[in-house]
Amino acid sequence: MSPITLIKIALRALLRNRMRTFLSVLGIVIGVAAVIAMVAMGEGSRISIKEQMTSMGSNAIIIMPNRDRRGGVQMESTESLEEADVIAIRENATYINGVSPMMTVNGQAIVGNNNSPTSLSGVSADYLKIRNYEIEDGVIFDDTADRMAKVCVIGQTVVKNLFPEGDPIGKTIRYKNIPLKVIGTLKAKGSGDFGQDNDDVIFTPYQTVMRRFSATTNIRQIYANSIGEGYAAKATEEIMGILKERRNWTKPTDPFRVFTQEEMIQMVTSTSDLISLVLTIIAGISLFVGGIGIMNIMYVSVTERTKEIGLRMAIGARSRDIMFQFLFESVIISLLGGVIGIALGIAASEIVKTFFNMPMSVSITSVIVSFAVCFATGVFFGWYPARKASRLDPIEALRFE
Amino acid sequence: MGDETVHALRGVSFDIHKGEFVTIMGASGSGKSTMLNILGCMDRPTTGHYILDGEHTEKLKRDALARIRSQKIGFVFQSYNLLSRTTAIENVELPLLYNSKVSTAERHRRAIKALERVGLADRMNHLPNQLSGGQQQRVAIARALVNDPVIILADEATGNLDTRTSYEIMMIFQELNRQGKTIAFVTHEPDIATFSSRTITLRDGLVKKDIINENVQDAKAAYEALPPPEEFEE
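Residue numbers (this note's numbering), protein chains in the order written: chain B, 3 to 403; chain Z, 4 to 237.
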């Protein structure tokens, strides 16, 4: 029997029971649409996290003193970072292309009647590069020429808050009674992953903070930038080596803690991956249930049409003709459900994207895989009913009422 | 089925020759259903031989039996067994679907021809539920003819029909027989048997009688001799 004839026979049988066919198809449609939408959601959030993280500087490495526990009290380790460490890293490390201390002072920035509760960050020019800040206007301070200089570079939020009339370059901000001359403004970066405003920043040379604000020689954090994706671990190892060497460190534990942006990305994406995996599994289960629906309906169909099967066999149908007839029915149901489900899943993703402003990304892979899974579902769940049909004894089947 | 082996037929031996119209009679349990199933290659004898059109069938596998049914046998059942919601012509075409050598056009042509032979060419696009019982049985006969079988097997083919319609159906069978078709007709109605050229009577799995009917009744004459139809015929 030719496949076209089989398809015709299967279609006719399906059309004969429109409601039943519709409901079986619906089971698959819901499953597939759910899979497509869930995968799109997972993929979308993964891409969006990655984009945001990259904008923060995906190659950033942060070094800070270890926390010690003494008598149940957490305190900073006795090992502290100092300017010489920064210089040693800058001069010796090969897997990084930027390094900067990071010292923060909290307080109010004041200009005339305006003020802004912005923390003051003491950094070197490299820091702006590491964090992907770009200059909008003016210049960045120079680490060597501007040591301890009372200058600053400010973000757009600060510009808005302190200089509502605009044109802040050359003007002076008072921070803890110390006047800082604005020499540059930064391009807007927007808010970060955790809601912080990346434009609410005031940068000043780290020496200025260390000497004029904090009166310390210790550096709280060092930011470094690895030369590219995948080099974070090597760069970390190298930096740690330099720091240990300078201290003739022999203890088995590291003297400092290190965070890399890569680790952060992995941490965040692995969480979101897990969530999307769970959602996808749930969607997959609903597809499986749809498959069971097909199997159920095929069993009913085979039983109901026992007499027809007997007749077909009596007039010359071979077992395999009967088998394929029923298998085609289940495959048609599942593929139809697959096509509609894919369309619906894509539509749902677009709707969510447009109206709920959520990142959704329908992947071609998920569409192809869904379609293939549908075909497999049809064959898998149609197999046993079809086999049952094909193994009927024509005499018994004809006698069936 | 149970633990006990029941021999539905034992030591049965006869030949049906080409062009014969044989009725097989017998009470329930006489073995006529088993006989028909073996003749129709739906079942195989546990011992002994059944040779159809020169071909031994007792050792054949399922698919080979299906092929024989598809090419050499035409079935007519008591309850017509037409596919519902399927037009007369599609019902008639059905056996040819299982013969890949027959093209779509050929299938259609042969189905029309078969319907013409049973006088239903004008009803070919009717659904079974739009046809009377007699007409449905004629569609079933057309279906049995369409593959040009070596034998037509009828299983109580008039069992669901009133006398008038039964005689109409027997007219068709007689006409087909005159055109050379071999027919084996299982029935328990003695008057039906009078239309055939030979009657084999089974009893307890054995051939009790095998009589050549010297005085074959003409179904047409018998039909015309019936009292006029009542008002609510069919």
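Ideal placement from N, C-alpha and C gives every residue a C-beta, glycine not left out.
Residue i touches chain Z at which residues, Cβ-Cβ below 8 Å?
i, result
"P396/B", "M45"
"T7/B", "L100"
"K309/B", "N84"
CA-CA distance, residue i and residue j?
i, j, result
"A190/B", "F165/B", "15 Å"
"Q139/Z", "T308/B", "20 Å"
"M325/B", "R389/B", "6 Å"
"M4/Z", "R113/Z", "Unreliable placement is indicated for M4/Z, whose pLDDT of 47 sits below 50; no coordinate value is reported for it."
"S135/Z", "Y170/Z", "15 Å"
"R88/Z", "L28/B", "25 Å"
"R176/B", "G140/B", "19 Å"
"T379/B", "A39/B", "19 Å"
"E310/B", "L229/Z", "36 Å"
"L130/Z", "G43/Z", "27 Å"
"S336/B", "I397/B", "32 Å"
"D202/B", "I287/B", "47 Å"
"R249/B", "N220/B", "15 Å"
"E93/B", "I229/B", "15 Å"
"N218/Z", "L85/Z", "34 Å"
"A95/B", "K253/B", "22 Å"
Output, in chain order, the set of chain B residues within a Cβ distance shorter than 8 Å of residue i.
i, result
"R141/Z", "The premise fails here: R141/Z is roughly 16 Å from chain B at the closest Cβ pair, so nothing lies under 8 Å."
"S103/Z", "M3 and S4"
"S199/Z", "Under the 8 Å cutoff, chain B gives no residues; its nearest Cβ is about 22 Å from S199/Z."
"A157/Z", "Under the 8 Å cutoff, chain B gives no residues; its nearest Cβ is about 13 Å from A157/Z."
Quick one: list the residues of chain B neighbouring residue i, beta-carbon separation under 9 Å, in chain order.
i, result
"L12/Z", "What L12/Z touches in chain B: nothing, since even the nearest Cβ is about 14 Å away."
"D66/Z", "R320, S321 and R322"
"R126/Z", "Residues of chain B passing the Cβ test: none, with the nearest at roughly 20 Å."
"N40/Z", "P396 and I397"
In three-state DSSP terms, what is residue i?
i, result
"F1/B", "There is simply no residue 1/B to check, as chain B begins at 3 and stops at 403 in what is shown."
"P2/B", "As displayed, chain B neither begins before 3 nor continues past 403, which places residue 2/B out of reach and without an answer."
"R22/B", "helix"
"T305/B", "helix"
"L55/Z", "strand"
"M40/B", "helix"
"C404/B", "In the structure as shown, chain B starts at 3 and stops at 403, and residue 404/B therefore has no counterpart that could be examined."
"E403/B", "coil"
"I49/B", "helix"
"V153/Z", "coil"
"P193/Z", "helix"
"I76/Z", "strand"
"L130/Z", "coil"
"L68/Z", "helix"
"N117/B", "strand"
"M4/Z", "Residue placement at M4/Z cannot be trusted, given a pLDDT of 47 that sits under 50; what the coordinates show is reported in the next sentence. Coil at M4/Z, not helix or strand."
"F373/B", "helix"
"G14/Z", "coil"
Mind pulling the chain Z residues with CB within less than 7 Å of residue i?
i, result
"T305/B", "Those within 7 Å of T305/B in chain Z number zero; the least Cβ separation is about 16 Å."
"R18/B", "R88"
"L313/B", "N84"
Considering only the alpha carbon of each residue, which of the options lies closest to residue i?
i, options, result
"P387/B", "I299/B, M55/B, I224/B and G232/B", "I299/B"
"I71/Z", "A316/B, Q110/B, G380/B and L400/B", "A316/B"
"L123/Z", "S106/Z, R110/Z and A143/Z", "A143/Z"
"F24/B", "S392/B, T367/B, G286/B and E331/B", "E331/B"
"I353/B", "M21/B, P5/B, S26/B and A35/B", "A35/B"
"I172/Z", "I186/Z, T185/Z, K211/Z and R141/Z", "R141/Z"
"S216/B", "G232/B, A12/B, V107/B and D144/B", "V107/B"
"D148/B", "L188/B, K131/B and T206/B", "T206/B"
"F358/B", "F290/B, A350/B and D169/B", "A350/B"
"N102/Z", "A30/Z, K21/Z, L85/Z and Q74/Z", "Q74/Z"
Applying a beta-carbon distance threshold of less than 7 Å, which residues of chain B neighbour residue i?
i, result
"A114/Z", "Within 7 Å Cβ-Cβ: nothing; A114/Z doesn't reach chain B, min ~13 Å."
"L97/Z", "I317"
"S31/Z", "The premise fails here: S31/Z is roughly 14 Å from chain B at the closest Cβ pair, so nothing lies under 7 Å."
"R72/Z", "A316, I317 and G318"
"F2/Z", "Beyond the ends of chain Z as shown, which are 4 and 237, falls residue 2/Z; an answer cannot be given."
"A145/Z", "Going along chain B, no residue has its Cβ under 7 Å from A145/Z, so there is no contact; the nearest lies around 12 Å."
(message) Below 8 Å, how does it come out for the region 22-30 of chain Z and the region 340-352 of chain B: are there three or more Cβ pairs, yes or no?
(response) no
(message) Count Cβ pairs between the region 370-381 of chain B and the region 51-59 of chain Z that sit closer than 8 Å; are there 3 or more?
(response) no
(request) Pair every Cβ in the region 188-196 of chain Z with every Cβ in the region 155-162 of chain Z, then say whether three or more of these pairs are closer than 8 Å. (result) yes
(message) Measuring CB atoms only, is the region 236-243 of chain B touching the region 151-159 of chain B, in the sense that at least three cross pairs come out at less than 8 Å?
(response) no
(message) Contact between the region 97-113 of chain B and the region 242-252 of chain B is defined here as three or more beta-carbon pairs at a separation below 8 Å; is this criterion met?
(response) no
(message) Counting beta carbon pairs with one atom in the region 146-153 of chain Z and one in the region 196-216 of chain Z, are three or more of them shorter than 8 Å?
(response) no
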